[in-house]
Amino acid sequence: MEADLTPPTGERYRALSLWWDGLPGTLTVRPPLPGDIEVDVAVVGGGLTGLWTAYYLQRADPDLRIAVLERDVAGFGASGRNGGWCSALFSVSESTLDRASGPGAGTAQRLAMEETVREVGRVVEEEGIACGYHRGGTVVLARTPAQLERTHEEVAEARRRGIGEDDLSFLPADEARARVGATDVLGGTFTPHCAAVDPARLVRGLASVVEAGGVSVYERTTVRSIAPGLVTTDRGTVRAGTVVRATEGYTRTLAGHERDLVPVYSLMIATEPLPDSFWAEAGLAGRETFADHRHLVIYGQRTEDGRMAFGGRGAPYHFGSTIRPAFDRDAHVHEALRRTLVELFPALADVAVTHAWGGPLGISRDWFSSVGIDGATRMAWAGGYVGDGLSTTNLAGRTLRDLVLGTPSELTRLPWVNHRSRRWEPEPFRYIGINAGLRLAGSADRAEDRKGRTTWHAAALGKLVGG
Ligand SMILES: Cc1cc2nc3c(=O)[nH]c(=O)nc-3n(C[C@H](O)[C@H](O)[C@H](O)COP(=O)(O)OP(=O)(O)OC[C@H]3O[C@@H](n4cnc5c(N)ncnc54)[C@H](O)[C@@H]3O)c2cc1C
Numbered sequence: 039m040e041a042d043l044t045p046p047t048g049e050r051y052r053a054l055s056l057w058w059d060g061l062p063g064t065l066t067v068r069p070p071l072p073g074d075i076e077v078d079v080a081v082v083g084g085g086l087t088g089l090w091t092a093y094y095l096q097r098a099d100p101d102l103r104i105a106v107l108e109r110d111v112a113g114f115g116a117s118g119r120n121g122g123w124c125s126a127l128f129s130v131s132e133s134t135l136d137r138a139s140g141p142g143a144g145t146a147q148r149l150a151m152e153e154t155v156r157e158v159g160r161v162v163e164e165e166g167i168a169c170g171y172h173r174g175g176t177v178v179l180a181r182t183p184a185q186l187e188r189t190h191e192e193v194a195e196a197r198r199r200g201i202g203e204d205d206l207s208f209l210p211a212d213e214a215r216a217r218v219g220a221t222d223v224l225g226g227t228f229t230p231h232c233a234a235v236d237p238a239r240l241v242r243g244l245a246s247v248v249e250a251g252g253v254s255v256y257e258r259t260t261v262r263s264i265a266p267g268l269v270t271t272d273r274g275t276v277r278a279g280t281v282v283r284a285t286e287g288y289t290r291t292l293a294g295h296e297r298d299l300v301p302v303y304s305l306m307i308a309t310e311p312l313p314d315s316f317w318a319e320a321g322l323a324g325r326e327t328f329a330d331h332r333h334l335v336i337y338g339q340r341t342e343d344g345r346m347a348f349g350g351r352g353a354p355y356h357f358g359s360t361i362r363p364a365f366d367r368d369a370h371v372h373e374a375l376r377r378t379l380v381e382l383f384p385a386l387a388d389v390a391v392t393h394a395w396g397g398p399l400g401i402s403r404d405w406f407s408s409v410g411i412d413g414a415t416r417m418a419w420a421g422g423y424v425g426d427g428l429s430t431t432n433l434a435g436r437t438l439r440d441l442v443l444g445t446p447s448e449l450t451r452l453p454w455v456n457h458r459s460r461r462w463e464p465e466p467f468r469y470i471g472i473n474a475g476l477r478l479a480g481s482a483d484r485a486e487d488r489k490g491r492t493t494w495h496a497a498a499l500g501k502l503v504g505g
C-alpha cells in the first residue's frame, strides 16, 4: 500500500478566531519533529515570540540551524487570536521602569516600542505579509467624569515626562466623538503609535517566511521539558546550543515552570460586516483602534472588511492555572461584551455576532514583561506581555537575536532585558488574589457608572487587571 503523503488538514483550526476563519486558502499542518535532532537554536512555541526570534536570527546568520517546536500549529495561541492592536503599550509604566533601572529607562523602552510598531510595518511590507497592517493610531475615550479625570491625569503625566502633542494628544468631546461615534463621549486621547492588523494572517505569514528562509518549523510536537542544551518532546529530543522559551500564557505546561507566568483569559466577539451607513455614524475612518478608560480593559478595531472586533477581560482565572479549550468560550463574558458593545454603539443592537472566541495570555508576578538569556546555561526566554504582546514580541525577537549572538546593542540595554520576576504564589493563594483583583476592577467600573466618579486608585487597579 502506498503511504498517504497528503498533509493533514488544519481546517478545524478555523474555529479558533475570526482571524483564523478568514485565512485564505486551505489550511494544512506541518510535519512534526521526525525524531532526535541537533540544532544551534531550539525555539519552544510557534507564536509571534518564537517566530520573530527565528526570523531575526535567520536573517542575521543564515547558516544557523534553527528549529521551532510547536505543540499545535504556528499561531495556535494568543498570536492568532488577539485584538490586532500592534501598539506601543508596555506592561509596566515608564516611572516603574525608571525606578527599576534608573532615570531614562522608561523613555528608552517607550521609544523602542514606538519604533517596534513601525518595524512590524516595515517587515510585513518587505516580506509581502498581507495582514492589513494600517497605522491609524488609538483613541481612548472618556465616557464618565471619572474616566475624564483619568484622561487629564494621563495627559498631564505624559507632558511631565516630555511626551508631546504629536505622541499623545487630548481630544475634547467633539473631536473624540468625530473620531469614534460612541455614546456618552466626554473626551479622550489619541496616539498615532498603533496599527490595526489581522493577527492570524501576520503570524501564519511570518511562519511561512521563516520556513522559506530555512528555519525548520515542527507542528504537533509537544515539548515536555527544557534543560540546558536539551529539549524533550513527545516526538524525540532536540540537542541545541541555545534553548528559547516562547510559550507565554502556556508556560505552565513546561515541567518546572508552573508558577512563572499565570494564564489569564481575554475574550473577543466580532460582528458581521457592517454597512457604510453604520460607519458614517461610528467613525473610525482611519481604522483607529479604540478603548475607553474603564478599569476592566476593553479593546476594539474596525476590521479591514468592515466588522467590529471587540474584546475585553473579565473571564475568571482558573484554579491551578488550568488551560482548556472550553475556557475560550464563556457565554457569560461573551454576552457581557456584546452588551458593552451595544452600549457604545446602540445601532449594533440587532446586528449578528458571527464569531466569539478567546485565549490565554501570560502575566508575571510583578507584571514586568521580560526577555533574557542566562549566559551560563544558554537558556533564553521572552514573555509576560500582559495582553500587549503583539508588537512587543517583535522587540523580543530582535533583542533575542542580539542576546543569542552575543552582540550587545541598544536593544540589549533596555530595562526589560534580563529582568527576573519572582514566582507566583502556590494555590489557593493566586486563585483568590487574581480573581479578587478582577472582581474589584469590575465593581469599580460599576461604581463609577452609578456615581459618576470614583475613589479607587486607578494605578493600583491597573496593577491587578492589566493593560
Ligand atoms: C483574546 C486576546 C486578545 C489580545 N489582544 C491583544 C492586542 O490587541 N494587542 C496586543 O498587543 N496583545 C494582545 N493580546 C496578547 C498577545 O496576543 C500575546 O501577548 C502574544 O500573542 C504572545 O505571543 P507569544 O508568541 O509569546 O505566545 P503565543 O502566541 O500564545 O504562542 C505560544 C505558543 O506556544 C505553544 N506551546 C505551548 N505549550 C507548548 C509546549 N509544551 N510545546 C510546544 N509548544 C507549546 C502554543 O501552542 C502557542 O502556539 C491578546 C491576547 C488574547 C488572548
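Mapping to my numbering: the sequence shown position 150 is 188, numbers consecutive.
Cβ coordinates follow ideal geometry from the N, Cα and C atoms, glycine included.
Predicted model only: the values in this text are computed from it and were never measured.
When you compare only the Cα positions, how much space is there between Ala-497 and Ser-481?
Here residue 497 corresponds to residue number 459 of the sequence shown, with the count starting at 1. Here residue 481 corresponds to residue number 443 of the sequence shown, with the count starting at 1. Bear in mind that a pLDDT of 35 at Ala-497, under 50, signals an unreliable position, so the number given afterwards is only what the model happens to contain. For Ala-497 and Ser-481, the distance between alpha carbons rounds to 16 angstroms.
Let me confirm a value: Gly-48 is counted as buried when at least 16 other C-beta atoms fall within 10 Å, else exposed. Which label applies?
Numbered from its first residue, the sequence shown carries residue 48 at position 10. With 16 or more Cβ atoms within 10 Å of its Cβ, Gly-48 is classed as buried.
Status (buried if at least 16 other CB within 10 Å, exposed otherwise) for Thr-134:
Taking the first residue of the sequence shown as position 1, residue 134 is located at position 96. With 16 or more Cβ atoms within 10 Å of its Cβ, Thr-134 is classed as buried.
Relative to the C-alpha of Val-424, which candidate in His-372, Arg-367 and Asn-120 has its C-alpha closest?
Along the sequence shown, one-based indexing puts residue 424 at 386. The candidate whose alpha carbon is nearest that of Val-424 is Asn-120.
DSSP beta-bridge partners of Cys-232
Mapped onto the sequence shown, residue 232 falls at position 194. Per DSSP, Ser-125.
Report the three-state DSSP secondary structure of Lys-489 (helix, strand or coil).
Mapped onto the sequence shown, residue 489 falls at position 451. Because the pLDDT of Lys-489 is 44, which lies under 50, any placement of that residue in the model is unreliable, and the number read from its coordinates should be weighed accordingly. Correct three-state label for Lys-489: helix.
Check the DSSP bridge columns for Ser-408 and list the partner residues they point to.
Here residue 408 corresponds to residue number 370 of the sequence shown, with the count starting at 1. Ser-408 is bridged to Gly-421.
Mind checking who Glu-76 pairs with in its DSSP beta bridge?
Indexing the sequence shown from 1 puts residue 76 at position 38. Partner(s): Arg-277.
Three or more C-beta pairs below 8 angstroms linking the segment 139-155 and the segment 361-375
no
Please report the straight-line C-alpha distance between Pro-70 and Asp-110, rounded to a whole angstrom.
What you label residue 70 is simply residue 32 of the sequence shown in a count that begins at 1. What you label residue 110 is simply residue 72 of the sequence shown in a count that begins at 1. When rounded, the distance between both Cα atoms is 10 angstroms.
Cutoff 6 angstroms; reference Arg-340; Cβ partners in own chain excluding five residues on either side
Position 302 of the sequence shown, counting from 1, holds the residue named residue 340. Hits under 6 angstroms: Leu-322 and Arg-325.
Considering only residues of the same chain and omitting the five flanking positions on each side of Leu-61, which have a CB-CB separation below 8 angstroms?
Position 23 of the sequence shown holds residue 61. Closer than 8 angstroms at the Cβ level, and outside the excluded window around Leu-61, lie Arg-52, Ala-238, Arg-239 and Arg-242.
Tell me, to the nearest whole angstrom, how far the beta carbon of Val-79 is from that of Leu-89; I am working on the premise that it is less than 8 angstroms.
The residue labelled residue 79 in the question sits at position 41 within the sequence shown. The residue labelled residue 89 in the question sits at position 51 within the sequence shown. 13 angstroms between Cβ atoms; not a contact.
Using a threshold of 8 angstroms, is the CB atom of Asn-432 nearer than that to any non-hydrogen atom of ligand 1?
As a working mapping, residue 432 is identified with position 394 in the sequence shown. No - ligand 1 has no heavy atom lying nearer than 8 angstroms to the Cβ of Asn-432.
Grab me the residues of Thr-492's own chain with a C-beta within less than 8 angstroms of its C-beta, minus the 5 sequence neighbours each way, in chain order.
Walking along the sequence shown from the start, residue 492 turns up at place 454. For Thr-492, the pLDDT reaches just 33, beneath the cut-off of 50, and the residue's location in the model is therefore unreliable, although a value from the coordinates is still provided. Closer than 8 angstroms at the Cβ level, and outside the excluded window around Thr-492, lie Ala-184, Ala-482, Ala-485 and Glu-486.
Measuring from the CB of Asp-110, is there a heavy atom of ligand 1 at a distance below 8 angstroms?
Numbered from its first residue, the sequence shown carries residue 110 at position 72. Because some heavy atom of ligand 1 lies under 8 angstroms away, the Cβ of Asp-110 counts as near it: yes.
Put Thr-341 into one of helix, strand or coil per three-state DSSP.
On the sequence shown, position 303 is the one that residue 341 refers to. Coil.
Under the rule that 16 or more other beta-carbon atoms within 10 Å means buried, what is Pro-301, buried or exposed?
Within the sequence shown, numbered from 1, the residue matching residue 301 stands at position 263. Pro-301 comes out buried.
Length of the line joining the Cα atoms of Ser-263 and Leu-292
Numbered from its first residue, the sequence shown carries residue 263 at position 225. Numbered from its first residue, the sequence shown carries residue 292 at position 254. Each residue's alpha carbon lies about 5 angstroms from the other.
Inspect the beta-carbon positions of Arg-403 and Ile-307 and report whether they are closer than 9 angstroms.
Here residue 403 corresponds to residue number 365 of the sequence shown, with the count starting at 1. Here residue 307 corresponds to residue number 269 of the sequence shown, with the count starting at 1. The answer is no: Cβ separation not under 9 angstroms.
Is there contact between the segment 453-461 and the segment 472-480, where contact requires at least three CB pairs shorter than 8 angstroms?
no
Thinking Ala-23 and Val-223 are a contact (beta carbons under 8 angstroms), I'd like their distance in whole angstroms, please.
Any answer about residue 23 is impossible in this case: the structure gives the chain only from 39 up to 505.
Taking the CB atoms as reference points, tell me whether Tyr-93 and Gly-251 lie closer together than 9 angstroms.
Here the question's residue 93 lines up with position 55 in the sequence shown. Here the question's residue 251 lines up with position 213 in the sequence shown. In this structure, Gly-251 lies closer than 9 angstroms to Tyr-93 by Cβ.
When the distance is taken between beta carbons, is Ser-304 closer than 9 angstroms to Glu-399?
Residue numbering aside, residue 399 sits at position 361 when the sequence shown is read from its first letter. Residue numbering aside, residue 304 sits at position 266 when the sequence shown is read from its first letter. Sequence check: residue 399 is Leu here, not Glu. The answer is yes: Cβ separation under 9 angstroms.
Specify the secondary structure class of Phe-328 as computed by DSSP and reduced to three states.
On the sequence shown, position 290 is the one that residue 328 refers to. DSSP places Phe-328 in strand when its eight states are reduced to three.
Taking buried to mean at least 16 other C-beta atoms within 10 Å of its own C-beta, is Trp-58 buried or exposed?
Along the sequence shown, one-based indexing puts residue 58 at 20. Buried is the call here.
State the DSSP-derived secondary structure class of Phe-114, mapped to helix, strand or coil.
As a first step, residue 114 is located in the sequence shown; it is residue number 76 there, counting from the start. In the structure shown, Phe-114 sits in coil (DSSP, three-state: anything other than H, G, I, E or B).
Go ahead and pull the three-state DSSP assignment for Gly-225.
The residue you call residue 225 lines up with position 187 of the sequence shown. In this structure, Gly-225 counts as strand in the three-state DSSP scheme.
Ala-353 - DSSP class collapsed to helix/strand/coil
As a first step, residue 353 must be located in the sequence shown, where it is residue number 315. In the structure shown, Ala-353 sits in coil (DSSP, three-state: anything other than H, G, I, E or B).
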